[in-house]
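Undergrad:
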Amino acid sequence: MQINSRRSMVAGNWKMNGDKALVKQMKKQLEKASLENMDAVICPPFPYLGMFTDSIKLGAQNMSQFDSGAHTGEVSVSMLKEVGCSYIIIGHSERREDNFESNEIVAQKVEKALNADLTPILCFGEPEDIRDDGTLFTYIATQLDAVLKQVGIAQFAKIVLAYEPIWAIGTGKTASPEQAQEVHAFVRGHLAKLDSDIAAKIVILYGGSVKGSNAEELFSQADVDGGLIGGASLNPDDFLSICLAANQ
Ligand code: 13P
167 MQINSRRSMV AGNWKMNGDK ALVKQMKKQL EKASLENMDA VICPPFPYLG MFTDSIKLGA
227 QNMSQFDSGA HTGEVSVSML KEVGCSYIII GHSERREDNF ESNEIVAQKV EKALNADLTP
287 ILCFGEPEDI RDDGTLFTYI ATQLDAVLKQ VGIAQFAKIV LAYEPIWAIG TGKTASPEQA
347 QEVHAFVRGH LAKLDSDIAA KIVILYGGSV KGSNAEELFS QADVDGGLIG GASLNPDDFL
407 SICLAANQ
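Quick note: the sequence shown uses this note's numbering, first residue 167, plus one each step.
1. Evaluate A388 with the Cβ neighbour count: other Cβ atoms within 10 Å of its Cβ, from every protein chain shown; 16 or more gives buried, anything less gives exposed.
2. For P213, which of A199, G225 and G397 has the nearest alpha-carbon?
3. For chain B, is any of its Cβ atoms less than 8 angstroms away from the one on D391?
4. CB of E330 to nearest heavy atom of the ligand 13P: below 7 angstroms?
5. So does N179 have its beta carbon nearer than 7 angstroms to some heavy atom of the ligand 13P?
6. Where DSSP assigns a beta bridge to C251, which residues make up the other side?
7. Assign L360 to one of two classes, buried (16 or more other C-beta atoms within 10 Å of its C-beta) or exposed (fewer than that).
8. At what residues does the beta strand (DSSP E) containing A206 begin and finish?
9. What's the C-alpha gap between E240 and L302?
10. Whose C-alpha, out of I335, V276, D391 and M229, is nearest the C-alpha of D176?
11. Go to A328, then tell me how far its beta strand (DSSP E) extends in each direction, as first and last residue.
12. Leaving aside the five residues before and after Q309 along the sequence, list all residues of the same chain whose C-beta is less than 7 angstroms from its C-beta, in chain order.
13. When the Cα of A334 is compared with those of A366, G397 and K367, which residue comes out closest?
14. Quick one: what's got a C-beta closer than 8 angstroms to G338's C-beta in the same chain, skipping five residues either side?
15. Roughly how many whole angstroms lie between the Cα atoms of A412 and V207?
16. Could you give the DSSP three-state label for I256: helix, strand or coil?
17. Take the Cβ of I332 as the centre, count every other Cβ of all protein chains shown within 10 Å, and call the residue buried at 16 or more, exposed below.
18. Given that a residue counts as buried once 16 or more other Cβ atoms are within 10 Å of its Cβ, and exposed if not, what is R354?
19. On the DSSP bridge assignment, give the partners of L394 in chain order.
20. In the structure shown, what three-state DSSP assignment does F266 receive?
21. Taking 8 angstroms as the cut-off, decide whether the C-beta atoms of M182 and P210 are in contact.
22. So for T308, helix, strand or coil by DSSP?
23. Under 8 angstroms between the Cβ atoms of G378 and L384?
24. Rounded to whole angstroms, what is the Cα-Cα separation between G318 and L288?
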């Protein structure tokens with residue numbers, strides 16, 4: 167239930183999963199759903215982006231920090247716009263790990279996306295050892311500050327944030343609603359030092375083992391505005407039940 171001016175959002179990050187059959191099923195599911203109070207976004211692998219219609223909000227899972235040219239295997243922001251994307255996931259922990267994307271590369275990508283009027287879904291979050299050793303908030307502030315330094319607080323306002331504790335991704339070990347709320351509130355407080363209005367308005371999603379059964383409790387936290395969903399976004403019924411939890 168939203169008691170603030172922020173619009174709820176649920177984005178499905180299919181990662182390297184799915185096929186044409188799932189595209190068809192998900193389109194059918196979302197086209198018949200009435201989700202007036204939230205934005206549902208699907209982020210499928212690149213080959214399937216062009217198979218969705220305008221009625222479904224689309225996001226990509228990655229983009230190049232370069233505009234065009236000799237970058238084999240990369241996809242540019244203008245290409246993503248041309249195939250109908252309005253969102254782009256940037257800084258996911260899997261890309262930070264598998265593809266060595268530093269805070270600085272993440273910041274460059276965010277700037278490029280914003281310049282092209284694509285909304286970045288900026289992921290941040292800690293590995294378990296950082297939470298255990300008590301440096302969680304410094305770690306998260308460093309991730310966010312790299313982007314703030316690159317784009318400034320006024321542009322930062324156009325970003326959707328996604329807190330994804332690495333230990334909760336794909337593990338079934340969801341952060342408790344209190345753990346998620348604590349970090350989301352810290353992030354708003356951190357941004358409020360620069361601009362309290364922007365801090366109050368920015369959308370912050372939670373990601374990490376969100377399911378139909380825990381979505382409502384997570385989304386009812388004061389500073390949790392929806393979710394970034396991995397595994398459960400591959401099942402149209404599960405994904406819809408999470409969207410409905412955000413639609414209340
Ligand atoms: P799971 O929902 O599978 O834990 O994945 C979360 C995630 O990484 C979304 O980007």
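All residues carry an ideal CB built from backbone N, CA and C; glycine is no exception. Being a predicted model, the structure only gives us computed values, none of them experimental.
TA: So, from the data block:
1. Here residue 388 refers to the residue found at position 222 of the sequence shown. Label assigned to A388: exposed.
2. As a first step, residue 213 is located in the sequence shown; it is residue number 47 there, counting from the start. Of the listed residues, the one whose Cα sits closest to P213 is G225.
3. Looking for chain B here will not work: only one protein chain is present.
4. As a working note, residue 330 is residue 164 in the sequence shown. Yes, Cβ of E330 sits closer than 7 angstroms to a heavy atom of the ligand 13P.
5. Within the sequence shown, the letter at position 13 stands for residue 179. Answer for N179: yes, Cβ within range of the ligand 13P.
6. Numbered from 1 along the sequence shown, position 85 holds the residue referred to as residue 251. Bridge partners of C251: L224.
7. By one-based count along the sequence shown, residue 360 stands at place 194. Within 10 angstroms of the beta-carbon of L360 lie fewer than 16 other beta-carbons, which makes it exposed.
8. Taking the first residue of the sequence shown as 1, we reach residue 206 at position 40. Where A206 is concerned, the enclosing beta strand (DSSP E) stretches over M204 to C209.
9. Taking the first residue of the sequence shown as position 1, residue 240 is located at position 74. Taking the first residue of the sequence shown as position 1, residue 302 is located at position 136. Approximately 32 angstroms between the Cα atoms of the pair.
10. Start at 1 with the first residue of the sequence shown, and residue 176 comes out as number 10. According to the sequence shown, residue 176 is Val rather than Asp. Checking every option, the nearest Cα to that of V176 belongs to D391.
11. Along the sequence shown, one-based indexing puts residue 328 at 162. Unbroken beta strand (DSSP E) run through A328: V326 to Y329.
12. By 1-based counting over the sequence shown, the position of residue 309 is 143. Contacts found: N269 and F290.
13. Position 168 of the sequence shown, counting from 1, holds the residue named residue 334. When only C-alpha atoms are compared, the closest one is G397.
14. Counting from one through the sequence shown, the residue named residue 338 turns up at place 172. Counting only Cβ-Cβ distances below 8 angstroms, and skipping sequence neighbours, we find S375.
15. Mapped onto the sequence shown, residue 412 falls at position 246. Mapped onto the sequence shown, residue 207 falls at position 41. Going from the Cα of A412 to the Cα of V207 covers about 12 angstroms.
16. Here residue 256 refers to the residue found at position 90 of the sequence shown. I256: strand per DSSP, three-state reduction.
17. Taking the first residue of the sequence shown as position 1, residue 332 is located at position 166. That one is buried.
18. As a position in the sequence shown, residue 354 is number 188, starting the count at 1. Classified as buried, R354 has 16 or more neighbouring CB atoms from the shown chains inside 10 Å of its CB.
19. Position 228 of the sequence shown, counted from the start, is the residue given in the question as residue 394. L394 is bridged to A177 and G373.
20. Translated into the one-based positions of the sequence shown, residue 266 becomes position 100. F266: coil per DSSP, three-state reduction.
21. Here residue 182 is taken as the residue at index 16 of the sequence shown, counted from 1. Here residue 210 is taken as the residue at index 44 of the sequence shown, counted from 1. No, the pair does not count as a contact, with Cβ atoms beyond the cut-off.
22. As a first step, residue 308 must be located in the sequence shown, where it is residue number 142. Correct three-state label for T308: helix.
23. Along the sequence shown, read from residue 1 onward, the residue named residue 378 stands at position 212. Along the sequence shown, read from residue 1 onward, the residue named residue 384 stands at position 218. With respect to L384, G378 sits apart: the two C-beta atoms are not nearer than 8 angstroms.
24. Position 152 of the sequence shown, counted from the start, is the residue given in the question as residue 318. Position 122 of the sequence shown, counted from the start, is the residue given in the question as residue 288. Spanning the two alpha carbons is a distance of roughly 15 angstroms.
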